[in-house]
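In UniProt numbering, the protein residues as written are 1 to 721.
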Ligand code: FEO
Ligand code: CA
Ligand code: CA
Ligand code: CA
């Protein structure tokens with residue numbers, strides 16, 4: 001996330017002396033930096049002629065990208081970027097734009113009523129927390145579509161891919177549930193013309209209600225998609241919703257924070273939590289789904305909602321103060337957090353007087369969208385960090401794994417492998433698969449191989465003498481455990497995406513966006529302070545002839561293949577899929593090309609069922625500086641074989657494009673526009689954007705994050721030939 005009102009995830013909290021991915025890449029010889037592709041892929045490159053990695057910016061391509069191995073081809077014509085107009089200082093268009101032959105429509109926006117009796121949104125943002133609790137939350141991010149009709153298949157696995165696709169292609173997809181994350185809020189837009197000054201419990205409750213997850217029923221009538229404002233499935237999960245904690249850390253003393261009666265008037269202390277209960281989910285960034293039909297929402301920058309007024313640390317039974325403080329440092333807790341100021345009126349969020357509460361955040365939360373009464377479950381087996389997304393793979397032996405990134409500079413990539421195999425067709429027996437298994441962290445070697453290092457109590461130094469007294473402690477302190485075993489520091493891992501096994505493609509191939517790392521390259525290299533903090537000049541791995549970018553400003557996408565085509569493999573092969581960039585600003589890059597693709601800060605990442613890779617971007621600056629030729633944030637479509645990329649969607653000013661899913665037939669695509677116009681302020685909310693009003697949706701008055709639906713005018717599959 002790069003919203004103006006959001007942290008840049010650019011602090012360096014990792015005090016380990018582990019190797020960084022930059023160091024590893026530097027040592028990889030040029031010839032080994034790419035997977036060797038099949039002859040078929042090579043011939044595709046030849047046929048297309050104009051190769052790919054150089055991008056599309058200056059020449060809008062009309063030629064379709066043909067099908068290839070495990071790839072359905074790309075049929076649309078690239079659109080031009082939405083650039084800055086120097087005369088106005090604004091982007092040319094305050095719109096979402098899509099290619100010729102496609103239609104984009106706003107489906108649901110922040111504040112829209114999604115539960116019976118919810119009030120209609122007011123453009124002066126004068127509504128209170130009680131209204132917001134029944135309305136679509138702010139700043140939409142990751143999301144998934146769960147069909148209601150037909151109900152059966154909720155998502156694909158790489159191995160069942162082709163079958164489920166065939167089942168759906170000829171059946172109407174009429175009604176479904178969108179589960180949508182609401183990552184964060186912009187207080188100056190949320191609270192009307194007064195903004196956050198002064199801070200009150202009423203405002204904090206509204207802010208908490210605008211976080212979390214929405215379950216929204218949507219349906220298609222004719223060719224038109226709309227949401228149902230009176231759905232019995234409609235649901236809001238917020239920063240205060242009661243949840244169950246399960247898995248190895250449940251019941252641990254580390255999770256027994258103060259218990260509060262959470263009311264509209266305040267949070268009143270009533271005892272101690274039992275370690276099996278948590279309240280709320282925060283900073284729900286990206287997401288995942290399970291093959292048994294549930295939604296996974298991932299807690300990313302939850303640390304920023306905590307703060308303190310300099311109070312002394314409250315004592316907790318059996319846990320050393322120094323240990324609590326070390327943990328708070330490693331996860332970036334501070335006195336002011338991200339200036340949400342919740343702790344000033346809600347003592348639950350004071351990290352000194354309620355110091356174990358932060359241990360209840362940083363998890364993957366499982367939600368059953370089909371049962372509005374179900375309690376969300378924090379699944380501790382998947383580790384505690386700044387979770388970006390959790391993408392599932394089921395291999396041919398029905399083993400199940402989830403691939404996950406920890407989005408902060410110099411943090412790690414993880415996978416969780418369930419102990420038990422999936423039992424297809426038996427959702428009940430799969431329900432607690434997420435409670436037992438092994439959490440691994442990735443180490444990338446410089447010969448193009450990698451290892452998954454298990455984070456298991458008693459192994460690899462995860463022992464009492466090193467501060468790990470149980471598996472619960474390994475999981476609560478996942479980052480420290482990964483430091484200990486020697487994982488590889490990455491350039492801010494964002495989403496993971498799994499390539500489908502279609503058209504003869506058999507590998508288990510996982511991609512991860514490494515959005516950027518603008519602190520690379522000093523000579524001599526410098527390191528972090530011992531407490532994990534870093535000053536301006538520190539934590540910069542060196543540059544050299546093979547890796548000459550002084551800053552990884554534009555980011556890149558890494559991918560790996562599991563050895564033996566098993567998700568339980570402990571070794572893999574890896575390469576760099578693309579380095580992002582701007583071809584008019586030549587910078588030698590990792591693959592020996594002159595420049596990267598014309599995109600910056602890849603973040604959202606998703607494979608459709610036809611093997612097309614969709615890339616969403618999250619840069620700050622909209623056409624200024626390094627982004628002069630790139631313009632607004634975008635969504636692009638890539639061929640995983642040839643790396644050809646086409647621009648599919650451009651966005652309004654000051655927003656991120658994030659969250660993408662289609663209906664199972666591929667004919668309706670949903671995309672989120674997050675924090676449009678976030679340069680606006682309380683007294684002038686529409687300073688840089690009045691979207692989605694500018695796209696014909698809702699009253700004028702303030703910009704709103706929203707979900708759009710994209711269809712093809714000929715009724716075809718989105719992106720297809
Ligand atoms: Fe919420 Fe890492 O983006
Ligand atoms: Ca963002
Ligand atoms: Ca992200
Ligand atoms: Ca981002």
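C-beta atoms are modelled at their ideal positions from N, C-alpha and C, and glycine is treated no differently.
Check: What does residue 455 pair with, by DSSP beta-bridge criteria?
Finding: Numbered from its first residue, the chain shown carries residue 455 at position 455. Its beta-bridge partners do not exist; DSSP assigns none.
Check: Tell me, which residues are paired with residue 697 by DSSP?
Finding: In the chain shown, the residue the question calls residue 697 occupies position 697. Its beta-bridge partners do not exist; DSSP assigns none.
Next item on the list: Rank 646, 600, 361 and 649 by C-alpha distance to the C-alpha of residue 625 and give the top, closest one.
Entry: One-based indexing of the chain shown puts residue 625 at position 625. If we check each option's Cα against that of residue 625, 600 comes out closest.
Check: Less than 7 Å between the CB of residue 408 and some heavy atom of ligand 4, yes or no?
Finding: Sequence index remark: in the chain shown, residue 408 carries index 408 (1-based). No, the beta carbon of residue 408 sits no closer than 7 Å to any heavy atom of ligand 4.
Checklist line | For residue 196, three-class secondary structure by DSSP | finding: Numbered from its first residue, the chain shown carries residue 196 at position 196. Residue state, collapsed to three classes: coil.
Item checked: Endpoints, the alpha helix (DSSP H) within which residue 480 is located -> Locating residue 480 in the chain shown gives position 480, counting from the first residue. That run of the alpha helix (DSSP H) goes 478-485.
Item checked: Whole-number beta carbon distance between residue 704 and residue 686, since they are thought to touch under 8 Å -> Along the chain shown, read from residue 1 onward, the residue named residue 686 stands at position 686. Along the chain shown, read from residue 1 onward, the residue named residue 704 stands at position 704. Actually they are not in contact, since the Cβ atoms of residue 686 and residue 704 sit about 11 Å apart, beyond 8 Å.
Margin query: Any heavy atom of ligand 3 closer than 7 Å to the beta-carbon of residue 658?
Written below: Here the question's residue 658 lines up with position 658 in the chain shown. Answer for residue 658: yes, Cβ within range of ligand 3.
Next item on the list: Starting from the Cα of residue 320, find the closest Cα among 355, 720, 334 and 708 and give me that residue.
Entry: Position 320 of the chain shown, counted from the first residue, corresponds to residue 320. Ranking the options by Cα distance to residue 320, first place goes to 355.
Next item on the list: Please determine if the region 115-135 and the region 187-203 are in contact, where contact requires at least 3 C-beta pairs separated by less than 8 Å.
Entry: yes
Check: What are the uninterrupted segments assigned as beta strand (DSSP E) that are 3 or more residues long and contained completely in the region 609-649, given in chain order?
Finding: 613-617 and 634-638
Item checked: Which of helix, strand or coil DSSP assigns to residue 146 -> Indexing the chain shown from 1 puts residue 146 at position 146. Strand, per DSSP.
Checklist line | Which residues DSSP lists as bridging residue 289, in chain order | finding: Working through the chain shown from its first residue, we reach residue 289 at position 289. DSSP lists 295 as partners of residue 289.
Check: Which partner residues of residue 181 appear in the DSSP bridge assignment?
Finding: Here residue 181 refers to the residue found at position 181 of the chain shown. According to DSSP, residue 181 bridges with 213.
Check: Which residue comes first and which comes last in the beta strand (DSSP E) that contains residue 328?
Finding: Position 328 of the chain shown, counting from 1, holds the residue named residue 328. Premise fails: residue 328 lies in the alpha helix (DSSP H), 321-330, not in any beta strand (DSSP E).
Margin query: Quick check: what's the CA-CA separation for residue 288 versus residue 364?
Written below: For this step, residue 288 is matched to residue 288 along the chain shown. For this step, residue 364 is matched to residue 364 along the chain shown. Cα to Cα, residue 288 sits roughly 9 Å from residue 364.
Notebook entry, point to check: From residue 472 to residue 692, what does the alpha carbon distance come to, in whole angstroms?
Noted result: The count along the chain shown starts at 1 and reaches residue 472 at position 472. The count along the chain shown starts at 1 and reaches residue 692 at position 692. Taking the straight line from one Cα to the other gives about 45 Å.
Notebook entry, point to check: Within this structure, are the beta carbons of residue 505 and residue 605 separated by less than 8 Å?
Noted result: The residue given as residue 505 occupies position 505 in the chain shown. The residue given as residue 605 occupies position 605 in the chain shown. It is not a contact, given that the beta carbons lie outside the stated cut-off.
Check: Rounded to a whole number of angstroms, what is the C-alpha to C-alpha distance between residue 657 and residue 185?
Finding: Numbered from its first residue, the chain shown carries residue 657 at position 657. Numbered from its first residue, the chain shown carries residue 185 at position 185. Going from the Cα of residue 657 to the Cα of residue 185 covers about 16 Å.
Item checked: Residue range of the unbroken beta strand (DSSP E) whose run includes residue 556 -> Counting from 1 along the chain shown, the entry for residue 556 is found at position 556. Start and end: 556-562.
Notebook entry, point to check: Opposite residue 84 in the DSSP bridges: which residues?
Noted result: Numbered from its first residue, the chain shown carries residue 84 at position 84. Paired residue(s): 91.
Checklist line | Between the CA atoms of residue 339 and residue 716 - distance to the nearest angstrom | finding: Within the chain shown, residue 716 is the residue found at index 716, counting from 1. Within the chain shown, residue 339 is the residue found at index 339, counting from 1. Using only the alpha carbons, I get a separation of about 46 Å.
Check: Hey, would you say residue 299 sits closer than 8 Å to residue 281, going by beta carbons?
Finding: By 1-based counting over the chain shown, the position of residue 299 is 299. By 1-based counting over the chain shown, the position of residue 281 is 281. In this structure, residue 281 lies closer than 8 Å to residue 299 by Cβ.
Item checked: Secondary structure of residue 11, DSSP reduced to three states -> Taking the first residue of the chain shown as 1, we reach residue 11 at position 11. DSSP places residue 11 in coil when its eight states are reduced to three.
Checklist line | First through last residue of the alpha helix (DSSP H) which encompasses residue 190 | finding: Sequence index remark: in the chain shown, residue 190 carries index 190 (1-based). Taken as a continuous stretch (DSSP letters only), the alpha helix (DSSP H) holding residue 190 covers 187-190.
Check: Just to confirm, are residue 653 and residue 91 a CB contact at a threshold of 8 Å?
Finding: Position 653 of the chain shown, counting from 1, holds the residue named residue 653. Position 91 of the chain shown, counting from 1, holds the residue named residue 91. Cβ distance < 8 Å, so residue 653 and residue 91 count as in contact.
Next item on the list: Starting from the Cα of residue 233, find the closest Cα among 369, 613 and 275 and give me that residue.
Entry: Locating residue 233 in the chain shown gives position 233, counting from the first residue. Considering only alpha carbons, the answer is 369.
Note to self: Measuring straight from C-alpha to C-alpha, what distance separates residue 325 and residue 97?
What the structure shows: Here residue 325 is taken as the residue at index 325 of the chain shown, counted from 1. Here residue 97 is taken as the residue at index 97 of the chain shown, counted from 1. Using only the alpha carbons, I get a separation of about 47 Å.
Note to self: So if I measure from each beta-carbon to every heavy atom of ligand 3 and keep distances below 5 Å, which residues remain?
What the structure shows: 494 and 603
Checklist line | Start-end ranges of the beta strand (DSSP E) lying completely within the region 336-374, minimum 3 residues | finding: 364-367
Check: Quick one: does the C-beta of residue 642 sit closer than 7 Å to a heavy atom of ligand 5?
Finding: Ligands in the displayed structure: ligand 1, ligand 2, ligand 3 and ligand 4; ligand 5 is not one of them.
Margin query: In whole angstroms, give me the CA-to-CA distance for residue 477 and residue 684.
Written below: Your numbering for residue 477 matches position 477 in the chain shown. Your numbering for residue 684 matches position 684 in the chain shown. When rounded, the distance between both Cα atoms is 43 Å.
Margin query: Just to confirm the assignment, what range does the beta strand (DSSP E) spanning residue 602 have?
Written below: As a working note, residue 602 is residue 602 in the chain shown. First-last of the beta strand (DSSP E) with residue 602: 602-607.
Check: Do residue 73 and residue 647 come within 8 Å of each other at the CB atom, strictly closer than that value?
Finding: Counted from its first residue, the chain shown places residue 647 at position 647. Counted from its first residue, the chain shown places residue 73 at position 73. Not closer than 8 Å, so no.
Notebook entry, point to check: When DSSP builds the beta bridges, which residues end up paired with residue 277?
Noted result: To locate residue 277, count along the chain shown from 1; it is residue 277. Residue 277 is bridged to 244.
Next item on the list: Would you mind reading off the limits of the beta strand (DSSP E) that contains residue 442?
Entry: Start at 1 with the first residue of the chain shown, and residue 442 comes out as number 442. First-last of the beta strand (DSSP E) with residue 442: 437-444.
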